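Quick notes on the structure that follows.
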Amino acid sequence: MGSGIGIGLLGLGTVGGGVASILQSPSERHPLVADLKLVRVAVRDLNRPRSVELPNEILTTDPAVVVNDPAVDVVVEVIGGIEPARSLILQAIAAGKSVVTANKAVIARHGEEIADAATKAGVYVLIEAAVGGGIPIIEPLKQSLGGNRINRVSGIINGTTNYILTRMAEEGAAYESVLKDAQELGYAEADPAADVDGLDAADKIAILANLAFGGSVERSAVPTAGISQLQGRDVDYAKQLGYGVKLLAVAERMKPSGEPLPLSLRVQPTLVPNDHPLAGVNGVNNAILVEGDPIGRVMFYGPGAGAGPTASAVVADILNIAGISQATQGDDRLDPLLAASSWRRCVLVDRGEIRQRHYVRFHTQDAPGVIGRIGGCFGDGGVSIQSIVQFNASKAGAEIVVITHEVSQKKMDDALQSIQALPEVSGLAAHLGCL
Ligand SMILES: NC(=O)c1ccc[n+]([C@@H]2O[C@H](COP(=O)([O-])OP(=O)(O)OC[C@H]3O[C@@H](n4cnc5c(N)ncnc54)[C@H](OP(=O)(O)O)[C@@H]3O)[C@@H](O)[C@H]2O)c1
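For the sequence shown, my numbering assigns the number 1358 to the initial residue and increments by one for each residue that follows.
Shown next, in the form of structure tokens:
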């Protein structure tokens, strides 16, 4: 790289547009921003109106032109999706170019293949924007927290669902009506499945687990539940009991050490006590809580999506690459803290071994002794109860809400089976996690 650093953008949508507008106005930013030159940009449709004005000659509909342009030193992939993003990233690496991407879907599924290729080629693949939008979390996990043994990473890492849950809690509104509003306001996609089914959060927690614990995990094996089945009454009952409901993503180690290291990962709607640091994270904001030894708890909070915040993270990665290249002047050894590298094997424990507290709601007959019999089944199954409350008793029946102490999923499932076999219990109406 010479003194100017050539940037090739794959995609000029929400994030790409945000990146281009930072690169075009370097004033009052770090002086290195002025050295970044946007030389090529790939889009799908040359005639689409853009939020930034760029010279026509740098636009192309052929992404290979961007990747192969000798003036492009760093390729920024903000197209999204799996293909052609994965192939373009690998082509850029093969051409000896470092890559910056915001694409959590491709990194969660093909991160190992991409990291191996990057290590062999001696280039960086940086992904700050892939998790938490504008929140710096990837670099802190790689660098600032490197002296810690990380025990747990948990967070609210999907802004769309957090917006929906916040409004459900504040207005007592139903899921479907808030989702419709969120779509009209542009906070939710026309096809909201990736967000509301928890898939986007599962991609992100798989990425965070890899960085926190040093080894990749099988993305498809992450137990994932979204919010589309969540009922307003559970948000309301949780509120009455002193909790908020959040779509929480959790990754934690199950043993102090081990090879492979056993990890528990999950994404699910979870009751968060009102005095917990994640409880105050509302609207489209994200937050990630990292628990490590010796640091204790540290929380990263901020805007989890949007053109400006995400572009801020992308440009931070470009600056890291530019800074290192200027400092090392052609020395092609990678900075081991910044390079993506796994240093151990990790393995996900079976779902039955995951330990946590639970919130469950049963529909029951309003008959004497029901609470006792439910409590008895939990006790017989080794599940210790923190609280058991009856709501809405009437001739039509009652609702019994139970919050347990921490217990394995296997014991919980077995106890639930025996409770559902009780003649007074007409069904398990809700089952959520609880912090
Ligand atoms: N939006 C956010 O807030 C956010 C936050 C964090 C991470 N991300 C991630 O950032 C990435 C980009 O998201 P986005 O919201 O910016 O997406 P977007 O607005 O849909 O933009 C995608 C861009 O890629 C271009 N494109 C798509 N397929 C292409 C192809 N085959 N060849 C050339 N160009 C192609 C599109 O061209 P046209 O404009 O011509 O259609 C568009 O400019 C995704 O991985 C997303 O998960 C987004």
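Don't be surprised by glycine CBs; every beta carbon is placed ideally from N, CA and C. Computed from a predicted structure; not experimentally measured.
Near residue i, which residues of its chain fall below 7 Å by C-beta distance, leaving aside the five closest residues on each side in sequence?
i       : result
Gly1479 : Asp1689 and Leu1691
Glu1496 : Glu1485
Arg1524 : Ala1530 and Val1535
Asp1392 : Ser1360, Gly1361, Ile1362 and Ala1679
Ala1578 : Leu1705
Gly1375 : Ala1664, Gly1665, Thr1667 and Ala1668
Leaving aside the five residues before and after residue i along the sequence, list all residues of the same chain whose C-beta is less than 6 Å from its C-beta, in chain order.
i       : result
Ile1415 : Arg1397 and Val1398
Ala1673 : Glu1485
Ala1786 : Arg1718 and His1720
Arg1509 : Glu1609 and Glu1648
Gln1747 : Ala1755 and Ile1757
Pro1613 : none
Enumerate in chain order the residues of its own chain whose CB-to-CB distance from residue i is below 8 Å, with the five nearest sequence positions on each side excluded.
i       : result
Val1638 : Ile1513, Asn1519, Lys1603, Ala1644 and Tyr1658
Leu1773 : Val1717, Leu1785 and His1788
Thr1418 : Ala1399, Val1400, Arg1401, Asp1402 and Leu1403
Lys1561 : Lys1461, Ala1465, Ala1487, Val1488, Gly1489, Ile1514, Asn1515 and Ala1606
Ala1409 : Correcting the residue identity first, residue 1409 is Val in this sequence and not Ala. Closer than 8 Å at Cβ, skipping near neighbours: Leu1369, Gly1374, Ala1377, Ser1378 and Gln1381.
Ile1731 : Phe1719, Thr1721, Ile1745, Ile1757, Val1759, Ile1776, Leu1779 and Val1782
Under the rule that 16 or more other beta-carbon atoms within 10 Å means buried, what is residue i, buried or exposed?
i       : result
His1762 : exposed
Gln1597 : exposed
Gln1713 : buried
Ile1776 : buried
Pro1299 : Residue 1299 falls outside the range modelled here, since the chain spans only 1358 to 1792, and no answer is possible.
Pro1549 : buried
Lys1499 : buried
Pro1427 : exposed
His1715 : buried
Gln1686 : exposed
Glu1434 : buried
Arg1443 : buried
Asn1631 : exposed
Ser1455 : buried
Asp1707 : exposed
His1387 : exposed
Gln1766 : buried
Leu1642 : A quick correction: the sequence has Asn, not Leu, at residue 1642. Buried, because 16 or more other Cβ atoms sit within 10 Å of the Cβ of Asn1642.
Asn1677 : buried
Glu1541 : exposed
Gly1790 : buried
Asn1749 : exposed
Ile1711 : buried
Gly1572 : buried
Gly1709 : exposed
Leu1694 : exposed
Gly1365 : buried
Gly1468 : buried
Asp1650 : exposed
Per the DSSP calculation, residue i is bridged to which residue(s)?
i       : result
Leu1793 : The structure shown does not extend to residue 1793, since the chain spans only 1358 to 1792, so no value can be given for it.
Met1656 : Leu1646
Ala1608 : Val1510 and Leu1622
Thr1417 : Ala1399
Val1704 : Pro1619
Lys1394 : Gly1363
Thr1581 : Val1624
Leu1483 : Val1457
Have a look at residue i and residue j and give me their C-alpha separation to the nearest angstrom.
i       : j       : result
Phe1735 : Gly1729 : 10 Å
Gly1640 : Ala1526 : 11 Å
Ile1681 : Glu1470 : 24 Å
Ala1487 : Ala1558 : 11 Å
Leu1411 : Glu1385 : 21 Å
Arg1756 : Pro1626 : Note on residue identity: the sequence assigns Glu, not Arg, to residue 1756. Taking the straight line joining both Cα atoms gives about 20 Å.
Thr1667 : Ser1698 : 23 Å
Arg1576 : Asp1723 : 43 Å
Gly1370 : Ile1436 : 8 Å
Ser1783 : Gly1583 : 24 Å
Ala1539 : Val1592 : 18 Å
Gly1601 : Ile1507 : 26 Å
Ala1670 : Asp1770 : 41 Å
Gly1555 : Tyr1532 : 15 Å
Val1553 : Ala1475 : 33 Å
Val1701 : Leu1620 : According to the sequence provided, residue 1701 is Arg. The question's Val does not apply to it. Cα to Cα, the separation comes out at about 12 Å.
Contained beta strand (DSSP E) runs [length at least 3] in the region 1419-1474, N- to C-terminal order: 1431-1434 and 1455-1458
Beta strand (DSSP E) runs contained entirely in the region 1711-1792, provided each spans 3 or more residues: 1712-1721, 1742-1751, 1754-1761 and 1782-1791
Complete runs of the alpha helix (DSSP H) confined to the region 1506-1550 [at least 4 residues]: 1516-1528 and 1532-1541
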